[in-house]
Amino acid sequence: MSSPNTDNPRSFDELVEEAVAAPTAGWDFSWFDGRATEARPSWRYAEAMAGRLAGAGASLDIQTGGGEVLASAPTLPPLAVATEGWPANVAKATALLHPRGVAVVASPEDAPLPFAAEAFDLVTSRHPVKAHFDEIARVLRPGGTYFAQHVGPASVFEVVEYFLGPQSPETRNARHPDLERAEAAAAGLEVVDLRSERLRMEFFDVGAVVHFLRKVIWMVPDFSVEKYRSVLIELDERIRADGPFVAHSARHLFELRKP
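Structure (structure tokens):
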């Protein structure tokens with residue numbers, strides 16, 4: 001997401017129709033250029049991941065999306081595998097990663113990983129819906145590493161609560177790094193590094209919000225333009241009158257080791 005184009009004469013309907021027509025497969029966010037911004041974590045996950053991949057012998061990327069982050073690595077291990085559960089993303093990741101020698105395996109996000117124990121010395125993931133630490137520990141070799149960037153608690157909840165109203169403390173605290181640290185420890189994994197940041201986001205028109213909610217479907221699970229049209233009209237008027245809608249994403253970096 002990049003710098004804004006705030007001088008936008010297009011109508012509400014034009015903005016929404018464009019957002020609804022835009023494809024949502026994969027994790028390419030270039031559509032948001034000029035329409036939304038999001039600060040990036042200081043640890044530069046993709047670059048740090050690439051460094052670890054260059055030194056690995058066998059790697060697994062969990063919930064790879066369209067494969068864009070994994071494909072950005074200049075050097076991949078001799079054995080590189082990725083999993084993905086959403087069929088549209090499986091097709092996109094396969095087209096992108098197969099030419100790099102990566103095997104893409106269609107696997108539901110909540111299913112056990114379809115690999116033998118101790119198959120990989122590096123497991124990576126960027127924004128898994130849920131990290132199943134027991135399965136990660138099972139497929140890691142002794143001394144192996146889990147290196148991932150997770151979505152943190154109450155991420156972009158300014159948007160969520162604008163549409164759904166105030167959320168419970170339990171919902172807001174889900175994905176808290178302390179909870180995930182405890183889950184990782186229970187699975188027998190040691191924490192090498194854990195860092196958290198909250199990062200500013202800005203949406204410059206209502207179409208950017210519509211596309212975001214269509215792409216990141218778990219934010220407002222029942223979202224549709226028809227159901228939330230009155231809320232979207234109100235949001236459009238607010239952005240035109242007051243400027244960008246501001247939210248904050250939550251991210252944490254995990255580096256875990258299997259003893």
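Per full-length UniProt numbering, the sequence shown starts with residue 1, numbered consecutively.
For each residue, glycine too, the CB sits at the ideal point set by N, CA and C.
For residue 176, write down the residues that DSSP places opposite it in a beta bridge. Paired residues: none, contrary to the question.
By Cβ distance, which residues of its chain are closer than 6 angstroms to residue 19, with the 5 residues on each side in sequence left out? 207, 210, 211
Straight-line CA distance for residue 80 to residue 248? 33 angstroms
For residue 5 and residue 213, I'd like the C-alpha separation in whole angstroms. The predicted model places residue 5 with a pLDDT of 45, which falls under 50 and marks its position as unreliable; any figure quoted below should be read in that light. Whole-angstrom Cα-Cα distance: 20 angstroms.
Locate the alpha helix (DSSP H) running through residue 14, then write down its first and last residues. Per DSSP, residue 14 belongs to the alpha helix (DSSP H) from 12-21.
For residue 76, which three-state DSSP category applies? coil
Which value, in whole angstroms, describes the spacing of the CA atoms of residue 141 and residue 218? Each residue's Cα considered, the two are about 32 angstroms apart.
Exposed or buried, which one is residue 75 when buried takes at least 16 other CB atoms within 10 Å? A residue is called buried when at least 16 other Cβ atoms come within 10 angstroms of its Cβ; residue 75 does not meet this threshold and is exposed.
Going by beta carbon distance, what residues of the same chain come within less than 7 angstroms of residue 137, once the five residues before and after it are set aside? Taking residue 137 as the centre and dropping the five residues before and after it, the same chain places the C-beta of 187, 188, 189, 258 closer than 7 angstroms to its C-beta, in chain order.
Expressed to the nearest angstrom, what Euclidean distance is found between the alpha-carbon atoms of residue 36 and residue 60? 31 angstroms
Quick check on residue 150: does DSSP put it in helix, strand or coil? strand
For residue 254, does the count of other Cβ atoms within 10 angstroms reach 16, so buried, or fall short, so exposed? Classified as buried, residue 254 has 16 or more neighbouring CB atoms from the shown chains inside 10 Å of its CB.
Out of 133, 126, 64, 29, state which residue places its alpha-carbon closest to the alpha-carbon of residue 312. Any answer about residue 312 is impossible in this case: the structure gives the chain only from 1 up to 259.
Do you know how far the Cα of residue 42 is from the Cα of residue 119? Residue 119 and residue 42: Cα-Cα distance of roughly 31 angstroms.
Reference residue 124, options 82, 90, 154, closest by Cα: 82
DSSP has residue 253 in a bridge; who is on the other side? Residue 253 is bridged by DSSP to 149, 195.
At what residues does the alpha helix (DSSP H) containing residue 40 begin and finish? Segment: none, residue 40 is in no alpha helix (DSSP H) and carries neither H nor E.
Considering only the alpha carbon of each residue, which of 106, 92, 160 lies closest to residue 62? 106
Could you give the residue range of the alpha helix (DSSP H) that holds residue 59? Taken as a continuous stretch (DSSP letters only), residue 59 belongs to no alpha helix (DSSP H), being part of the beta strand (DSSP E) at 58-61.
For residue 202, the residue or residues it bridges with in DSSP: 37, 246
So what does DSSP say about residue 140, is it helix, strand or coil? strand
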